[in-house]
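Protein chains in written order, with this note's numbering: chain A, 1151 to 1533; chain B, 2 to 658.
For each residue, glycine too, the CB sits at the ideal point set by N, CA and C.
Note that the structure is predicted; figures quoted are calculated from it, not measured.
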Amino acid sequence: MSLEEIIKDTKAYYCLGCGVCTSSCPVARVIPSFSPRLLVEKALFGFGDEIISDKDLWSCLICGRCASRCPSGVDYLNFVREMRMEALSKGKEGLLAHDGILNTIMELQSLNLKQDRNFWITDDLEVADAGEYFYFVGCLPYFDLVFGEGGLCDVGIRSIERARNTVRILNKIGIKPVVSNNERCCGHDLLWNGDLEGFKRLAELNLKTIKESGAKKVICVCPEGYVTLKRDYPRFLGEQDIEVIQLCQILADELREGKLKFLENASVDYKKVTFHDPCSLGRIAEIYEEPREIISSIPGIELVEMERNRVDAVCCGTSGWVNCSGCSKKIQTERLKEAEETGADALITACPKCEIHLNCAKYNADLKIRIKDITDLVAESLA
Amino acid sequence: MESEEIKIGVYVCHCGINIGSTVDVEQVRDSVSELPNVSISRDFKYMCSDPGQALIRKDIEERGLNRVVVAACSPRMHEPTFRKTIQQAGLNPYCVEIANIREQCSWVHEDKADATDKAVKLVCSAVAKASLLEPLEEKEVEIAPRALVIGAGIAGIQASLDIADAGFQVYLVEREPSIGGHMAQLDKTFPTLDCSACIMTPKMVEVERHPNIELLTYSKVIEVGGYIGNFNVKVKKKPRYINMDRCTGCGLCAEACRLKGRITSEFDVGMGKRSASYIPFPYAVPSKYTIDAEHCLFLTKGKCGKSPACKDACTADAVEFEQKEEIVELDIGTIVVATGFDLFDATEKPEYGYGLYDNVLSGLEFERLVSSSGPTQGKIAIGGKDPKDVVFVQCVGSRDKSVGNEYCSRVCCMYTAKQAYLIHEKLPDARLTIFYIDIRAFGKGFEEFYDRVREEGVRYIRGNVSEIIKKGDRLLVMAEDTLLGEPIDVEADLVVLATGIVPRADVRELMNLLKISQSPDGFLLEAHPKLRPVDTASDGIYIAGCCQGPKDIPDTVAQAKGAASSAMTKMSQGKVKVEAIIASVDPFICRGCGRCVEACEYGAPELQEAEPGILVSEVNDSLCKGCGACAVACPCRAISMKHFKNEQIFSQIEAVI
Ligand SMILES: Cc1cc2nc3c(=O)[nH]c(=O)nc-3n(C[C@H](O)[C@H](O)[C@H](O)COP(=O)(O)OP(=O)(O)OC[C@H]3O[C@@H](n4cnc5c(N)ncnc54)[C@H](O)[C@@H]3O)c2cc1C
Ligand code: SF4
Ligand code: SF4
Ligand code: SF4
Ligand code: SF4
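1. Once you ignore the five residues that flank M2(B) on each side, which residues in its own chain have a CB closer than 6 Å to its CB?
2. Pick out whichever of G1344(A), I1434(A), K1409(A), K1422(A) has its Cα sitting closest to the Cα of A1489(A).
3. Would you mind reading off the limits of the beta strand (DSSP E) that contains L428(B)?
4. Give the C-beta separation of V1461(A) and R1433(A) to the nearest angstrom, bearing in mind that I take them to be a contact with Cβ-Cβ under 8 Å.
5. So which residues on chain B does D1204(A) lean against when the C-beta distance must stay under 7 Å?
6. Three Cβ pairs or more, each shorter than 8 Å: is that satisfied between the stretch 1331-1342 of chain A and the stretch 1246-1261 of chain A?
7. Nearest-angstrom Cα distance between R77(B) and V97(B)?
8. To the nearest angstrom, report how far apart V24(B) and E62(B) are at their CA atoms.
9. Should M184(B) be counted as a contact of ligand 1 given a C-beta to heavy atom distance under 7 Å?
10. Tell me whether K552(B) counts as near ligand 1, meaning its Cβ is closer than 7 Å to at least one heavy atom of that ligand.
11. Mind the definition here: the stretch 461-476 of chain B touches the stretch 434-442 of chain B only if three or more C-beta pairs lie below 8 Å; say whether that holds.
12. Using a Cβ-based criterion (distance less than 7 Å to any ligand heavy atom), does P555(B) qualify as near ligand 1?
13. Give me the chain A residues within the contact set of M201(B), using Cβ-Cβ distance strictly less than 7 Å, ordered along the chain.
14. Is the beta carbon of A160(B) sitting closer than 8 Å to the one on G182(B)?
15. Using a threshold of 7 Å, is the CB atom of C548(B) nearer than that to any non-hydrogen atom of ligand 1?
16. Does G1470(A) come within less than 8 Å of chain B when only Cβ atoms are used?
17. Chain B partners of S1309(A), CB-CB under 9 Å?
18. Let me see if you follow: with CB-CB separation under 8 Å, is L1189(A) close to chain B or not?
19. Excluding the 5 residues preceding and the 5 following I264(B) in the sequence, name in chain order all residues of the same chain whose CB lies nearer than 8 Å to its CB.
20. When you compare only the Cα positions, how much space is there between V142(B) and G230(B)?
21. Looking only at C-alpha atoms, which of A55(B), A632(B), G486(B), V171(B) sits nearest to L1189(A)?
22. I need the straight-line Cα distance from T537(B) to I158(B), nearest angstrom please.
23. For L1211(A) and T1468(A), which I take to be in contact (beta-carbon distance under 8 Å), what is that distance rounded to the nearest angstrom?
24. Starting from the C-beta of L1517(A), find all residues in its chain whose C-beta is less than 6 Å away, skip the five residues before and the five after it, and write them out in chain order.
25. Considering Cα atoms alone, identify which of D1266(A), K1322(A), V1329(A) is closest to A1280(A).
26. With distance defined between alpha-carbon atoms, name the residue in G271(B), K402(B), N621(B), S220(B) nearest to R369(B).
27. Roughly how many angstroms separate the alpha carbons of R592(B) and I615(B), rounded to a whole number?
28. For the stretch 455-487 of chain B, list every residue whose C-beta sits within 9 Å of some C-beta in chain A, in sequence order.
29. Considering only DSSP beta bridges, list what I214(B) is partnered with.
30. Give the secondary structure of K46(B) by DSSP, where H, G and I count as helix, E and B as strand, and everything else as coil.
31. So, for R1312(A): in the same chain, excluding its five sequence neighbours on each side, which residues have a beta-carbon less than 8 Å away from its beta-carbon?
32. Name the two residues that bound the continuous beta strand (DSSP E) containing P606(B).
33. So, is the C-beta of P1182(A) closer than 8 Å to a C-beta in chain B?
34. In the structure shown, what three-state DSSP assignment does P1502(A) receive?
35. Where does T1525(A) sit, in a helix, a strand or coil, going by DSSP?
36. Following a CB-centred definition, is V397(B) positioned closer than 7 Å to any heavy atom of ligand 1?
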């Protein structure tokens, strides 16, 4: 895309130069030279080359804080995405975290390869090859290689248990989901890092797999997977005849209908918790109340709010496995401190990446608060 | 008449180069000269000019033309002009047909040959219709010399006074217990800093005393029927439960009220308290009390202690719990709508913490806070202490697509400057910071006032605020100083949001009642943005003040005077011509199904029993606006629109295909 096309597509010409974006941006708060406003203004002045040569182009978290407040309706997220596409086409990319292993895993999945991604399915779990519901597992089977026990960067998490817990919950409410060994990465990170072609390859493979299973409803747990399937697949590959649902939506519905029951005194480990809205689940998908309803209805748990919650929540500090830096660490540390200030003994999140990033920030830091995923919490509390 | 030979004159306009540069006007003139019934075709540089019109009149007189086709610009502008032209030459004004070869041709095409071709077709089509045009009769109706003014803010007050001074009767309807609107809530007013109450009270009192004004407060217009000159209006007067003639305004009832100090005062925008029996503010007009039925113990629970305290306290025996609502019917000639605005609800921007933190105020709350008649008698104290740092945030809810308001509210730049000045007067040591995107100081004396405020040391920072969070018992206001390109955080004890002006929440209700429309920003729509700024699409209904769009007091008053003058012009003419292009029903074809009655926005068609058991629709000529909705709805084609009859339209279509 030419600079002019990017400006037109994202309505950058509306920018008033008010600086609300820069002032809202968690990155800009740490790195004063980083300024979404300035990037937009540079684009309007025709300095496209300067933008794509700046490595800070890759520091944007795609968290949407800026865009949600921009009074002029500038589509900043797609502005960054399209600029990154331009940069990639000129051979420039961000600093890959973990030597790029996660990016390589994503790219590999876009090729014709054979995976062993269903290794985690134990005998107690009821899954199917075909059926109405498709459980989109996402990258969980790969995360523990890096962040789990003995991984390259062990942050003490067990992501794959999330997949098992999801199936346990679904079985409990009478759903026997399709889980496919042919599933691929959803493509979120490739898309937002500017690799539109790679994203499309992954998306096509996934749509084929889902359709072959006969499923009409896809259940996502990872919020990034959810917004990618729900919003971006139709946007880039045309309307699809599938309904995409986030697990919290199903659970909240079941709760309201009284079908989901928790153990009396379910939570002994957590008395007071706070909820961290993942960017994709919150600002992007606008699912704010469902996770809160679920947490508050677990007996023995009190939910308290951080100062910056819902649409004002702050990102977990890094995204797309690029430019993870001291800046990311600072954003994460401050978020965890904010959580501690509520007096909560755990921060609940609903995104596997938030869980990884926030746990990583606790390494060698004086932060006591525990981090717990909502799916795990629900699975452990079910009657 | 029937046997009359049709003689058409065709006049093709160059419109300077507007038409002439894209359409070969001479060629158009020549190609239509041989069409049936055309006796002359000419071209001219500007048909609408005096010589252009004279040309038409001369041909009518000398050649006996009886139909005229003008190929020029949109009929919206000049159809009335040419109707007059031919009328002056003795023809019926409806014997002219306009072919729009500017907006619908020259302006939208580039290729001259194609454009000329299209222009020829458009003129042929107009000629075809002209042959079938029928003279129409314009009826006249009387205009009742009485005006209804809805809303008694400064706009409604000014309009009422002007109309009443000119000798017409005015009914001024206000839904609150007192007149005054938002201006009554303001402390001092920019740019001159006159005290709002001081300049407004004399006008309010004049309204009350004026022999030609009947004030209907605590009332709502619930029905408007009829048309210009003869609107039938119903007004619902809510019971005040206090006899207006007896009440002396002493306030003993409010003192005695068991709910004293327990009900949120609307006038003080939630910052003060009142009783169930109340007067909104000390200089209210009328200066009479009202018992609020929503809260009053006796009215909600049927019991207030042993007996209602207000009734016991009133020495004038004015409390009347048995009052019922009343419907007043009025015959009205013209209507002025002056219903004003609502304040933007800042909770729509959760990042500002409005509603969450007590020391984040809206612009209007601040007006009450600094006002000497306000809940603190004008003392600005936060948690009992003088604020040391005060921050103002501009454009809250204005120029903001994220909340759906693209427009500028036009008053907040200036009221913020004023409010900063007012704090500086009271607390000279307070540090004052204003965050802004642009300063719009466009009015008379505004830029000078902006200078004056900066002379006093008020700090303006270019950049708008992204969020406000709590820091201990103070607030942290976060923004980017866009001139320095650096994030900036300012601590504050008090934050004032320059909340913008939004359309009334119930504007739709009003639109349906009066059959008027709104512009994309939600405010009421004027008939023409430049040339008819106080008229609406409904004849005889005018708009003034902030209901039409955000504006300050000087502009509001000017517009109110404009609306009053338009209403007065009509009323002093005493008569008005009604639309001649209306629907007519063929009683033989009509089956009386009533679909036309449902389709008409203006209530013009009505089913009548023509013979026992046979219903036939009849259209009231005075109500019909000629919109054609009924003709479309009629399944039997019993309805035809004068001037747009089926055969006239088919002839036009045939001429182009
Ligand atoms: C915080 C703030 C400060 C301001 N400061 C200044 C200033 O310093 N200087 C300045 O020039 N301007 C100032 N303005 C602008 C000023 O308030 C407006 O220009 C002015 O009030 C507009 O008057 P209005 O009559 O159009 O509307 P309003 O004042 O809103 O009056 C409308 C009236 O109509 C009534 N009404 C509404 N609907 C109905 C209905 N359906 N039936 C019957 N009655 C109805 C209402 O009750 C109200 O009484 C300020 C505005 C704000 C918000
Ligand atoms: S998306 Fe988030 S990280 Fe990126 S510029 Fe906007 S606020 Fe900053
Ligand atoms: S918030 Fe929007 S309008 Fe303001 S500077 Fe950023 S992009 Fe421009
Ligand atoms: S006590 Fe009686 S006279 Fe006095 S204000 Fe109340 S109603 Fe009016
Ligand atoms: S008047 Fe000033 S503060 Fe108000 S919306 Fe317009 S620019 Fe913003």
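Looking at the atomic coordinates:
1. For the purposes of this step, residue 2(B) is taken as the residue at position 1 of the second sequence. With a pLDDT of 45 at M2(B), under the threshold of 50, the modelled position of this residue cannot be trusted, and the question is left open.
2. For the purposes of this step, residue 1489(A) is taken as residue 339 along the first sequence, with counting starting at 1. Residue K1422(A) is the option with its Cα nearest to A1489(A).
3. For the purposes of this step, residue 428(B) is taken as residue 427 along the second sequence, with counting starting at 1. Per DSSP, L428(B) belongs to no beta strand (DSSP E) and is neither H nor E.
4. Locating residue 1461(A) in the first sequence gives position 311, where the first residue counts as 1. Locating residue 1433(A) in the first sequence gives position 283, where the first residue counts as 1. That belief holds up - the Cβ atoms of V1461(A) and R1433(A) are roughly 6 Å apart, short of 8 Å.
5. Stepping through the first sequence from its first residue, residue 1204(A) is reached at position 54. Within 7 Å Cβ-Cβ: nothing; D1204(A) doesn't reach chain B, min ~15 Å.
6. yes
7. To locate residue 77(B), count along the second sequence from 1; it is residue 76. To locate residue 97(B), count along the second sequence from 1; it is residue 96. Distance between the alpha carbons of R77(B) and V97(B): 14 Å.
8. Within the second sequence, numbered from 1, the residue matching residue 24(B) stands at position 23. Within the second sequence, numbered from 1, the residue matching residue 62(B) stands at position 61. The straight-line gap from Cα to Cα measures roughly 30 Å.
9. One-based indexing of the second sequence puts residue 184(B) at position 183. For ligand 1, at least one heavy atom lies less than 7 Å from the Cβ of M184(B).
10. Within the second sequence, the letter at position 551 stands for residue 552(B). K552(B): yes, Cβ under 7 Å from ligand 1.
11. yes
12. On the second sequence, position 554 is the one that residue 555(B) refers to. P555(B): yes, Cβ under 7 Å from ligand 1.
13. Taking the first residue of the second sequence as 1, we reach residue 201(B) at position 200. Under the 7 Å cutoff, chain A gives no residues; its nearest Cβ is about 33 Å from M201(B).
14. Here the question's residue 160(B) lines up with position 159 in the second sequence. Here the question's residue 182(B) lines up with position 181 in the second sequence. Going by C-beta atoms, A160(B) is not nearer than 8 Å to G182(B).
15. Locating residue 548(B) in the second sequence gives position 547, where the first residue counts as 1. Because some heavy atom of ligand 1 lies under 7 Å away, the Cβ of C548(B) counts as near it: yes.
16. For the purposes of this step, residue 1470(A) is identified with residue 320 of the first sequence, where counting begins at 1. Taking Cβ atoms only, chain B never reaches closer than 8 Å to G1470(A), which makes this a no.
17. On the first sequence, position 159 is the one that residue 1309(A) refers to. Result: empty, since nearest Cβ-Cβ is about 32 Å, beyond 9 Å.
18. To locate residue 1189(A), count along the first sequence from 1; it is residue 39. Cβ-Cβ to chain B under 8 Å: no for L1189(A).
19. Sequence index remark: in the second sequence, residue 264(B) carries index 263 (1-based). The answer, listed in chain order, is K274, R275, S276, A277, Y279, D293, H296.
20. Locating residue 142(B) in the second sequence gives position 141, counting from the first residue. Locating residue 230(B) in the second sequence gives position 229, counting from the first residue. If you take the alpha carbons of V142(B) and G230(B), they lie about 7 Å apart.
21. Your numbering for residue 1189(A) matches position 39 in the first sequence. Selected option, being the one with the closest Cα: G486(B).
22. Taking the first residue of the second sequence as position 1, residue 537(B) is located at position 536. Taking the first residue of the second sequence as position 1, residue 158(B) is located at position 157. In a straight line, the C-alpha of T537(B) is about 20 Å away from that of I158(B).
23. Taking the first sequence and counting its residues from 1, the one referred to as residue 1211(A) is at position 61. Taking the first sequence and counting its residues from 1, the one referred to as residue 1468(A) is at position 318. L1211(A) to T1468(A), Cβ: 7 Å. Contact.
24. As a working note, residue 1517(A) is residue 367 in the first sequence. Around L1517(A): L1486.
25. Position 130 of the first sequence holds residue 1280(A). The candidate whose alpha carbon is nearest that of A1280(A) is V1329(A).
26. Walking along the second sequence from the start, residue 369(B) turns up at place 368. The residue with the shortest Cα to Cα distance from R369(B) is G271(B).
27. Counting from one through the second sequence, the residue named residue 592(B) turns up at place 591. Counting from one through the second sequence, the residue named residue 615(B) turns up at place 614. Approximately 8 Å, taken between the alpha carbons.
28. R463, G464, N465, V466, S467, E468, I470, K471, M479, A480, E481, D482, T483, G486, E487
29. Residue numbering aside, residue 214(B) sits at position 213 when the second sequence is read from its first letter. Looking at the DSSP assignment, I214(B) forms a beta bridge with V171(B).
30. For this step, residue 46(B) is matched to residue 45 along the second sequence. Note: K46(B) maps to coil in three-state DSSP.
31. Indexing the first sequence from 1 puts residue 1312(A) at position 162. Around R1312(A): L1290, V1371, P1502, D1523, T1525, D1526.
32. Stepping through the second sequence from its first residue, residue 606(B) is reached at position 605. First-last of the beta strand (DSSP E) with P606(B): 606-612.
33. If you number the first sequence from 1, residue 1182(A) lands on position 32. Closer than 8 Å to some Cβ of chain B, the Cβ of P1182(A) qualifies, so yes.
34. Numbered from its first residue, the first sequence carries residue 1502(A) at position 352. In the structure shown, P1502(A) sits in a helix (DSSP, three-state: H, G or I).
35. The count along the first sequence starts at 1 and reaches residue 1525(A) at position 375. Note: T1525(A) maps to helix in three-state DSSP.
36. Indexing the second sequence from 1 puts residue 397(B) at position 396. Because no heavy atom of ligand 1 lies under 7 Å away, the Cβ of V397(B) does not count as near it: no.
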